[in-house]
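Asks: Following this message is one structure expressed as structure tokens.
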Amino acid sequence: METVNPSVTQRVPGWWKVNGREINTDPNYSFGEGNLLINDPHVINHGGVYQCIATNTFGTIVSREARVQFAFLQNFTRKSRNTVSVREGQAVVLLCGPPPRYGEIKYSWVFNEQRSFLQQDARRFISQRTGNLYIAKVEASDAGNYTCAVRNMMTNTTVFSSPTPVVVRRDAVMGEYEPKIEVQFPDTLQVSKGSSVKLECFALGNPVPSISWRRADGNPLPGKIKINHSSGVLEIPYFRPEDAGVYECVAENSRGRNVARGQLLFYNVEHPHWVQTLKDAHMAIDAKLQWECKAIGKPRPTYKWLKNGEQLTAQGRIHVEAGRLTISKISLSDSGMYQCVADNEHGAAYASAELKVVASPPDFSRRPVKKTTIIQRGGEVVLECRPHASPRAAISWWRGSEPLKDDNRQTITHDGTLRITNISKSDGGRYTCVARNHFGTSSSSGTLMVKEPTKIIVPPLSLDATVGQSLVLPCEVSGDSSLSPVFKWFFNGKAIDFNRKEHFEMIGGGFAGDLMVRNVQLKHSGKYVCMVQTEVDTVSAAADLIVRGPPGAPEGLVVTDITDTTVQLSWGSGPVNHSPITMYIVQARTPFSIGWQTVRTVPDSVPGQMMRATVKDLNPWVDYEFRVVAINSVGVGEPSTPSKQIRTKAAVPKVAPVGVNGGGGARGELVITWEPVPEEQQSGEDFGYVVAFRLLGSNTWIQTVLASPEASRYIYRNDSIAPLSQFEVKVGVYNGMGEGKFSRVVSVFSAEEEPSEAPSRVSARALSSSEIEVYWEPVPAGSSSGKIIAYEVLFWEEGSQQSEAQKVKVVNTSALLSGFKGSTVYLISVRAQNSAGLGPCSPAFNITTKKPPPSQPPGNIEWNLTNSKIFLNWEHVKATQNESEVTGYKVVYRQNWHSRTAVLETNKTSVELRIPSGEDYLIEIKALTEGGDGTSSGPIRIPKMSSLNSEGCVHPVPARICSIMMIFLLWVFIL
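Quick note, the sequence shown lines up with residues 41 to 1015 if you use the working numbering.
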């Protein structure tokens, strides 16, 4: 069933009919749960149109129709067929004459009772529309008996006709003739979307014609098209709109050609489906019913209406127009189940609904008169009276015991509503609505209470404010003391959410609800409405707030007229934020600047009404970005979006190098130095330097060009230059645009001469096994043309070469050298150095380092802690033959976690230390020798034990014994 009324909740008995008659006696039918089962169906007895009918107390509806068809194939008649006589070369058509059938059929022919079917080729063709066999040109071998075979593809049964004898006459041979198309497709054929279409085309002729296919519009045949081996059938699967058009079959032989044409039309099949369906209707008696259903489909569906399964016809009160049903002045007999049926040749759609006609006396139980209505004095009230009644009830109103009639202030409308205007205190009281129809009378009452109107006595005022200020918009009302006003504020039409507590706060109470705006911002400009609501009325008042702030960012900044030092800027004004712009500032940024810098412009101060300026004093050949900042009386606004990066044009360099100086170097050298010109001041590509110099007193400048912009040093070499000769020097610049300025002329001296003498009276002493101190007399002042800036000490082990010597530079006439091996002979030499280089070495002399200190650390260390005193003792360290004798001991101690240490030296093997109590201490002990400090005992941790006596020991091997002793002492102390 297409649609079932949802209000039908009781069990629905169903029955079936076929071809319009009820099914009730045929034993082949059985029913179960509304379903129909056909047992052993027969093609004649059980084929037809079936429909299910469902009935309950509300009415009857029918299902959509179901068509049952059986595939079958009857036998041919056994009547003999006439002999067909044909001349050789002539064409022949053998008729099949199939028997009654239904279902998909396939035609074949059998020749002379052979087991296999006759094969089709360019000369023989079997039409699958008629079953006929076509032979385009008869040959002598075609003589024999032909039997038509018809197979039902659904039932898989085959029947054979009586044989048709074919005799080929030999008395004459048929001459050649042009093709004659005997099998062809219709002139016009509608094809539905997605279906498969087959076009048959076969021609008779001598010689045997060839068959080809084409489209009349010249477009190629779609790739999906299938053509059988004899070209007699063209198949187009999955037909689409683009496949539509005129197709041509061309039959051709040597005698001529013939063409068959047919047009395929795309036919978009669409089953009916609803776009507007029915809804159940519960209506009062005498009312007017209007139902409309709409369905779409292709072709356009037609409509019919059913009531309780029977077709409705237009008569009397009933009007049927396509999908629209109208019943005027409905009665109880019109109740029932209705169906709208939309159908076309491809199917049908059913929509169902119930019409329930109600007849009842007036009833206020579901919609009584409002119990209490509160209204302001001077206002207007509407009291509704909407009882449920069928037919509609007549309405009257009473105030107390007095009936009400229409006058200039009170009106009873056609639907029973009482309207009273210009309410006064005297209108208060009890009102009753009385409803009557011919089934009965009923009434419902309510009370009208009149209150004083609410008025805003202190409305909000329009204000101007500056960003960051706080302000209050007042709102105070007067009204009926029995009412509690509720204040609401709206900003630009949207209610303010005071729970967010960002900028807005409502202050006051009772009959005041002021709005405080804290830290006002530009976004707070707009319209503010104070709305006051009571049970009876609503009043409001509005004010405009203008917030003035710094200007918004200028817009559309454009850079034009670019030169080497100037550009032209133009822009548009951004938001003025309620305060006129007084001036603009132009800023620029380059890859070399730190952030944005204000630049000089023409005019110097850009007024607010001018939105263009010329930027001056720019550096040539530098990438610039510009932005503009607006200023008004409130403050400085946001900068504009930076302009696109531009590059100023190149120019001759305008800046000369600074810091020109020099001196030093090797003998015969003139060293000239300067500070490189920064890239932003190079003014163009191919930047370089021109170095010019001349001997003091000479008129001729010597020049050289350095093409590197990073160059900061030039060395002129000439062995004929005397040491410390005075030169005049200047450095210029150039780039691809030309030469720039030279620096001022400065004096620079050439290199001095290396020292000619070695230091004298060189001596040394071994401090330990690893340190030697060396002394010497300075080089005499006359032995060097310049100042001695350092001395270089060389030392190497006896037996190695001086070239392998280690070197140490110092500025004094002594040096402390370290890193030596103990008991080893070393050779030592010293030489002086000035800015020209190193002088000769002093004669080498040898010195032997002292023996190394003992490698054995102090052992068997014992300690005793009493209050703030630590007593330490240890075993004496014995030096070996190759080690320095022990002269004493060094005790190093410090608080744990502290870096500052204290040192105590002694020539004994014990010591007493006085330390504060309450801190951990770390202690180390080393042997003292002339070869240096011996190996450390390693850190000894003395734990803090305030006011306690404790002991410890440190042994190199059985540390477990010390641990046991400590545990024992602690145990004794605890006891």
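For each residue, glycine too, the CB sits at the ideal point set by N, CA and C. For clarity, every value in this text was computed on a predicted model and none was experimentally measured.
Answer yes or no: do F767 and L710 have a C-beta to C-beta separation smaller than 7 Å?
Replies: A contact, by the Cβ cut-off of 7 Å.
Asks: Any idea if G705 is buried or exposed, counting beta-carbon neighbours within 10 angstroms, 16 or more meaning buried?
Replies: buried
Asks: Would the beta-carbon of P312 fall within 7 Å of that of G337?
Replies: yes
Asks: How would you call P820, buried or exposed, if buried means at least 16 neighbouring beta carbons within 10 angstroms?
Replies: exposed
Asks: Beta strand (DSSP E) containing F885: first to last residue?
Replies: 885–888
Asks: Among residues of its own chain, excluding the 5 on either side of F727, which ones have a beta-carbon nearer than 6 Å to its beta-carbon?
Replies: P749, N775
Asks: Can you tell me which of the three DSSP states S843 falls into?
Replies: helix
Asks: When you compare each of S502, I547, R118, L585 to K563 by their alpha carbons, which one comes out closest?
Replies: L585
Asks: Ignore the nearest five residues each way along the sequence and tell me which others in K948's own chain have a CB closer than 7 Å to its CB.
Replies: none
Asks: Counting Cβ pairs, one atom from each stretch, are 3 or more of them under 8 Å apart for the segment 235–251 and the segment 206–220?
Replies: yes
Asks: Do I1018 and V579 have their C-beta atoms within less than 7 Å of each other?
Replies: With the chain running from 41 to 1015 in the structure shown, residue 1018 is simply not present.
Asks: My guess is that S510 and R558 are in contact by the Cβ rule of under 8 Å, so how many angstroms apart are they, rounded?
Replies: Taking C-beta atoms under 8 Å as the contact rule, S510 and R558 qualify, at a distance of about 5 Å.
Asks: With contact counted as at least three CB pairs below 8 Å, one residue from each stretch, are the segment 265–285 and the segment 234–247 in contact?
Replies: yes
Asks: Would you mind stating whether D644 and G708 have Cβ atoms separated by less than 7 Å?
Replies: no
Asks: Where does A791 sit, in a helix, a strand or coil, going by DSSP?
Replies: coil
Asks: How far does the beta strand (DSSP E) with W55 in it reach, from first residue to last?
Replies: Element bounds for W55: 54–58.
Asks: Taking only runs that begin and end inside the segment 579–607, name each unbroken beta strand (DSSP E) of 3 or more residues, in chain order.
Replies: Taking only runs of at least 3 residues, the beta strand (DSSP E) segments lying wholly in the segment 579–607 are 595–600.
Asks: Per DSSP, E832 is paired with what?
Replies: K849, R871
Asks: Is it buried or exposed for K890, if we count other Cβ within 10 angstroms and need 16 for buried?
Replies: The residue in question, K890, is buried, as its Cβ has 16 or more Cβ neighbours within 10 Å.
Asks: Is the number of C-beta pairs between the segment 872–887 and the segment 825–840 that are closer than 8 Å three or more?
Replies: yes
Asks: Taking the straight line between their C-alpha atoms, what separation do you get for G456 and R104?
Replies: 46 Å
Asks: Please return the same chain residues whose Cβ sits closer than 6 Å to the Cβ of E310, not counting the five positions on each side in sequence.
Replies: G337, K338
Asks: In chain order, which beta strand (DSSP E) runs of at least 3 residues are fully inside the segment 659–744?
Replies: 663–672, 676–679, 698–702, 709–715, 728–735
Asks: Just tell me which of D467, N477, L503, V381 has its CA closest to the CA of L488.
Replies: D467
Asks: Whole angstroms are fine: how far does the CA of C570 sit from the CA of P499?
Replies: 8 Å
Asks: Using the beta-carbon count (16 or more within 10 Å), is L501 buried or exposed?
Replies: exposed
Asks: Does the beta-carbon distance from T123 to P205 come in below 7 Å?
Replies: Going by C-beta atoms, T123 is nearer than 7 Å to P205.
Asks: Buried or exposed: which applies to V207, given that a residue is buried once 16 or more other Cβ atoms fall within 10 Å of its Cβ?
Replies: exposed
Asks: Along the beta strand (DSSP E) that carries F225, what are the first and last residues, could you check?
Replies: In the DSSP annotation of this structure, F225 is not part of any beta strand (DSSP E), being labelled neither H nor E.
Asks: Work out the CA separation of G245 and R295 for me, nearest whole Å.
Replies: 9 Å
Asks: Taking C-beta to C-beta, are A751 and Y729 nearer than 7 Å?
Replies: Here A751 is near Y729, since their CB atoms are less than 7 Å apart.
Asks: If the criterion is Cβ atoms closer than 7 Å, does the pair S977 and P898 meet it?
Replies: yes
Asks: The beta strand (DSSP E) with H359 in it runs from where to where?
Replies: 358–361
Asks: Report the start-end ranges of each beta strand (DSSP E) in the segment 124–196 that is 3 residues or longer and not cut off at the edges.
Replies: 124–128, 132–134, 145–151, 164–166, 173–175, 184–192
Asks: Return the Cβ separation of V851 and V833 in integer angstroms, given the expectation that the two are a contact with Cβ distance under 8 Å.
Replies: About 12 Å; that fails the 8 Å criterion.
Asks: Go through the segment 252–335 residue by residue and report every complete run of the beta strand (DSSP E) that reaches 3 residues or more, in order.
Replies: Every beta strand (DSSP E) stretch that sits fully inside the segment 252–335 and reaches 3 residues is listed by chain position as 273–276, 285–293, 296–307, 310–316, 321–324, 329–332.
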